[in-house]
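Down below is the structure, laid out as C-alpha cells.
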Amino acid sequence: MMQHEKPTVQVMMTNATQIPLAADRKVQRIRKKLLIIFGVFLGICIFVLVLSVWGAAAGTTPTPTPIPTPTPTPLTPTNSSLTSMKESITMFDKEKPNYTLQIVQLTTFVLLYGFAYYVTYTYRATGLRVIAWLNIISAILCFLLFIAVVIVVLLASPHMDNVQKDKKFSTAGGIFLTILGVFCLANLLIQKFVAKLCFKLANLIVDKRTIPCQTI
53 MMQHEKPTVQ
63 VMMTNATQIP
73 LAADRKVQRI
83 RKKLLIIFGV
93 FLGICIFVLV
103 LSVWGAAAGT
113 TPTPTPIPTP
123 TPTPLTPTNS
133 SLTSMKESIT
143 MFDKEKPNYT
153 LQIVQLTTFV
163 LLYGFAYYVT
173 YTYRATGLRV
183 IAWLNIISAI
193 LCFLLFIAVV
203 IVVLLASPHM
213 DNVQKDKKFS
223 TAGGIFLTIL
233 GVFCLANLLI
243 QKFVAKLCFK
253 LANLIVDKRT
263 IPCQTI
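Heads up: the sequence shown begins at 53 in my numbering, then just goes up one per residue.
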C-alpha cells in the first residue's frame, strides 16, 4: 500500500497584541517633544512674517507731507543751520528698508516648519528622515559660516592703520565672535537634538507598522 507524503504547510500567524501608534507611550512621548519644538518655531516665524508684511505695507503707504512755514533765514549760515541742512538732506537720502528678502526667507521657514509639523503629526517616517537630514545640513552650514567669519576677522585685523583703531576693532571683533559662537553652539545642539528625535521616531514608526509574523 502506497502512502503519499503530505506537503509541508506553513501557517503564518500574526501577532494580534500589537500596540497602535496612537497608544504607544514611547512614540507619543517623542512625537509630543517634536510637535512642541516645531510648533514654537512655526509660531515665531509666522509672527515675524506678519510683522514684516505689515512693515512692508506701511512703508509703501504714502504719508501726507506737512506744508512748511516760511521762516527768516540769516544771510550768513551758522553751524546750527548747516547741521540742520545736513540732517534734512540725510533724511531725504535715506532709503526705505527692503522687506522682500526677509519675507521670502520667513516664508521658506514657515513652509519648512509647517512640513515638519505635518509629517510629525501624521506619522510620516520618510518625511521625518528628510527633516532630520535638513537639520544636519543646516548645522554643518552654520559651523562653516562661523569658521569663515573667524578667518575674515583674523585676516582683517592686521591691516588696521592706527593702534587705537586696532584695539577698538579687536574688542568689537571679540564681542561679535563670542556672540556668534554662542549662537552657533546653541544652534548645533538644537539641530542635533531635533535630528536625533526625528530619526528615533521614524525608526519606531517603521518598527511598529511592521507586523511581526510567526511560522509554524
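Backbone N, C-alpha and C fix where the C-beta goes; we use that ideal spot for every residue, glycine too.
CA-to-CA distance, residue j to residue i, given in whole angstroms
i    : j    : result
N255 : V182 : 13 Å
I192 : C250 : 17 Å
V329 : L86  : A question about residue 329 goes unanswered here, because the residues of the chain that appear run from 53 up to 268.
P72  : C194 : 39 Å
L207 : D259 : 52 Å
Y17  : R77  : This structure cannot settle anything about residue 17, because the visible part of the chain is limited to 53 through 268.
I155 : F90  : 20 Å
I98  : L158 : 8 Å
A109 : T160 : 20 Å
A177 : T230 : 38 Å
T172 : T223 : 45 Å
R81  : V234 : 29 Å
Y151 : G107 : 8 Å
G111 : V105 : 10 Å
F198 : C236 : 7 Å
L103 : T262 : 46 Å
A74  : I257 : 11 Å
I242 : I227 : 23 Å
L196 : A184 : 19 Å
K244 : V79  : 19 Å
I88  : L101 : 20 Å
K84  : G225 : 41 Å
I189 : L164 : 14 Å
Reduced DSSP secondary structure (H/G/I, E/B, other) of residue i
i    : result
N150 : coil
R261 : helix
Y173 : helix
S140 : With a pLDDT of only 48 at S140, under the threshold of 50, the placement of this residue in the model should not be trusted; the figure read from the coordinates follows. In the structure shown, S140 sits in a helix (DSSP, three-state: H, G or I).
D145 : Per-residue confidence for D145 stands at a pLDDT of 43, beneath the threshold of 50, marking its modelled position as unreliable; the derived number appears in the next sentence. Helix at D145.
V63  : Caution applies to V63, whose pLDDT of 46 falls short of 50 and renders its modelled position unreliable; the value that the coordinates give is listed next. In the structure shown, V63 sits in coil (DSSP, three-state: anything other than H, G, I, E or B).
Anticipated Cβ contact below 8 Å, residue i with residue j, distance rounded
i    : j    : result
V204 : L232 : Contact flag wrong, Cβ pair sits at about 12 Å.
N187 : A247 : 4 Å
G180 : L240 : Inspection of the sequence shows that residue 180 is occupied by Leu rather than by Gly. So it is not a contact: roughly 20 Å between Cβ atoms.
Cβ contact (3+ pairs, closer than 8 Å) linking the region 167-181 and the region 89-98: Short answer: they touch.
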